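Residue numbers (the numbering used here): -19 to 331.
Structure record follows, encoded as structure tokens.
What follows is the structure in structure tokens.
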């Protein structure tokens, strides 16, 4: 009787490796910094230019939002100064152009002294029927602070989304190789091939991210990468860098082992994955996070409301925030922050 060897069934399949966890709280705070930086930059770069030609027209050119207003100089009757009181005793002066028929046109907010000087120059030009050419600028000294805040926000955002994206692991060439493709926002950014010859195990190698912006006492996030182990014990990492997370690496390694037909090992990735506890946020930490979410959400909502209103031309960057604006922007942002925090601090499987 002739005995035949069992038919060879080549390995095939693919594994979704990722997405990897991000520091959501840090990302939200970095986005808040970016929003506030943009709002401060708009305030610093705001500019009004008034040019009036006798027996012709007056033109007011505004920088943010870009807008030009023109009217006959004959309708311009006067210029007065309104003093606006702010918090902590601060004050601003607003030059108001008074026109025929009771119409008024407020200009860029400046210091009370500068506003008085500009109003006097406009009245002098009207009385002598001479050309008026005046520029009112926002507080330019805020701009460096806005740039610094923007740089900090972008740096923190990059740290929060370190390892953004996912991998697709495809067993190719009948089980002889593994193609590792990385995607960021569904766009393929890199691809490499790793030999599967002699692979005896698939493990997860722990590592560190080298994080910045860690708070005092805050532990670095767990990180790792998948490595192939041959019979001699030599390893072949699938990625050069480590990526955040713990369960995400173990899950992908377990699926890859199953595709390659590797037997389970004692203390292997399957046992490590099963031993991971669920993520539970302590009640005290959850309450503290909710209070923080109210404050951060209100600030972010107000900044976003203001930027959107200015971009659409519905709000003026020169005018003060009204109670309705604070209720709509701040209240909506606080509600969104609380909802997001409740979702992020729920009991959940580890990542």
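Note that beta-carbon positions come from the ideal geometry of N, C-alpha and C, so glycine has one too.
Just so it is clear, the structure is predicted and the values come from calculations on it, not from any experiment.
(message) Quick check on this structure: which residue in 148, 48, 321 and 188 has the alpha carbon closest to the alpha carbon of residue 6?
(response) Out of 148, 48, 321 and 188, 321 has the C-alpha closest to the C-alpha of residue 6.
(request) Pull up the CB-CB distance for residue 218 and residue 237, whole angstroms please, since I reckon it's below 8 Å. (result) Rounded, the Cβ-Cβ distance is 13 Å, inconsistent with contact.
(request) Look at the alpha carbon of residue 242 and the alpha carbon of residue 202, and state the distance between them as a whole number of angstroms. (result) Distance from the CA of residue 242 to the CA of residue 202, rounded to the nearest whole angstrom, comes to 26 Å.
(message) Tell me which residue opens and which closes the beta strand (DSSP E) that residue 148 is part of.
(response) Run containing residue 148: 146 to 152, per the beta strand (DSSP E) assignment.
(message) On the criterion of 16 or more Cβ atoms from any shown chain inside 10 Å, does residue 268 qualify as buried, or is it exposed?
(response) Under a 10 Å Cβ-count criterion, residue 268 is classified as exposed, with fewer than 16 other Cβ atoms of the shown protein chains found around its own Cβ.
(message) What residue range does the alpha helix (DSSP H) around residue 128 cover?
(response) Start and end: 122 to 140.
(request) Output the boundary residues of the alpha helix (DSSP H) element that contains residue 9. (result) Element bounds for residue 9: 4 to 25.
(message) Less than 7 Å between the C-beta atoms of residue 86 and residue 71, yes or no?
(response) Result no, Cβ atoms of residue 86 and residue 71 do not sit closer than 7 Å.
(message) Short of 6 Å in beta carbon distance, which residues of its chain neighbour residue 152, apart from the five on each side in sequence? Order them along the chain.
(response) In the same chain as residue 152, and ignoring 5 residues on each side of it, the C-beta atoms closer than 6 Å to its own belong to 159, in chain order.
(request) Indicate the three-state DSSP secondary structure (helix, strand or coil) for residue 98 in the structure shown. (result) Residue 98 falls in the helix class under three-state DSSP.
(message) Could you compute how far the alpha carbon of residue 282 sits from the alpha carbon of residue 249?
(response) Their backbone Cα atoms lie some 47 Å apart in a straight line.
(message) With H, G and I counted as helix, E and B as strand and the rest as coil, what does DSSP make of residue 223?
(response) Residue 223 carries a strand assignment under DSSP once its states are collapsed to helix, strand and coil.
(message) Helix, strand or coil, according to DSSP, for residue 327 in the structure here?
(response) The answer is coil: DSSP assigns residue 327 none of H, G, I, E or B.
(message) Excluding the 5 residues flanking residue 34 on each side, which residues of the same chain have their C-beta closer than 8 Å to its C-beta?
(response) Closer than 8 Å at Cβ, skipping near neighbours: 53, 109, 110 and 111.
(request) Note down the Cα distance separating residue 147 from residue 223, rounded to an integer number of angstroms. (result) Cα to Cα, residue 147 sits roughly 11 Å from residue 223.
(message) Using only the alpha-carbon positions, how far apart do residue 90 and residue 323 sit?
(response) Rounded to whole angstroms, residue 90 to residue 323 spans 44 Å at the Cα level.
(request) Could you check if residue 83 is buried or exposed, using at least 16 other CB atoms within 10 Å of its CB as the buried criterion? (result) Label assigned to residue 83: exposed.
(request) Take residue 63 and list the residues in its own chain whose beta-carbon comes closer than 7 Å to its own, dropping the five residues that flank it on each side. (result) Exclusion of the five residues before and after residue 63 leaves 71, 73 and 92 as the residues of its chain whose Cβ lies within less than 7 Å of its Cβ.
(request) Can you tell me which of -7, -8 and -3 puts its alpha carbon nearest to the alpha carbon of residue 164? (result) It is -3 whose Cα lies nearest to the Cα of residue 164.
(request) Have a look at 32, 43, 313 and 208 and flag the residue whose alpha-carbon is nearest the alpha-carbon of residue 55. (result) Selection 32, 43, 313 and 208 evaluated against residue 55 yields 32 as nearest (Cα-Cα).
(request) Mind checking who residue 38 pairs with in its DSSP beta bridge? (result) DSSP, once it has assigned bridges, lists 32 and 51 as partnering residue 38.
(request) Rank 226, 115 and 244 by C-alpha distance to the C-alpha of residue 256 and give the top, closest one. (result) Among 226, 115 and 244, the Cα nearest to that of residue 256 is on 226.
(request) Quick one: give me the first and last residue of the alpha helix (DSSP H) that residue 254 is part of. (result) Here the alpha helix (DSSP H) through residue 254 covers 249 to 255.
(message) Can you tell me whether residue 168 is buried or exposed? The criterion is at least 16 other CB atoms within 10 Å of its CB, across all chains shown.
(response) The residue is exposed, with fewer than 16 neighbouring Cβ atoms inside 10 Å.
(message) Is residue 82 close to chain D? Criterion is C-beta to C-beta, closer than 7 Å.
(response) Absent here is chain D; the protein component of the structure consists of one chain.
(request) Return the residue from the list 88, 262 and 287 that minimises the CA-CA distance to residue 119. (result) That would be 88, whose Cα lies nearest to the Cα of residue 119.
(message) Using the Cβ count rule (16 or more neighbours within 10 Å means buried), how would you classify residue 10?
(response) Under this definition residue 10 is a buried residue.
(message) Using CA atoms only, rank isn't needed, just tell me which of 97, 262, 263 and 314 is closest to residue 285.
(response) Per the Cα distances, 314.
(message) Just to confirm the assignment, what range does the beta strand (DSSP E) spanning residue 186 have?
(response) Looking at the DSSP string, the run of the beta strand (DSSP E) that includes residue 186 is 179 to 187.
(request) Could you tell me if residue 234 is buried or exposed, where buried requires 16 or more neighbouring beta carbons within 10 angstroms of its beta carbon? (result) Per the 10 Å Cβ criterion, buried.
(message) Which same chain residues end up closer than 7 Å to residue -14 when comparing Cβ atoms and leaving out the 5 residues on each side of it in sequence?
(response) With a pLDDT of only 39 at residue -14, under 50, the local geometry of the prediction cannot be trusted, and no value is derived from it.
(request) Hey, could you find the ends of the beta strand (DSSP E) residue 117 is sitting in? (result) According to the DSSP assignment, residue 117 belongs to the beta strand (DSSP E) that extends over 112 to 117.
(request) Would you mind sorting residue 80 into buried or exposed? The rule is 16 or more other CB atoms within 10 Å of its CB. (result) Burial call: exposed.
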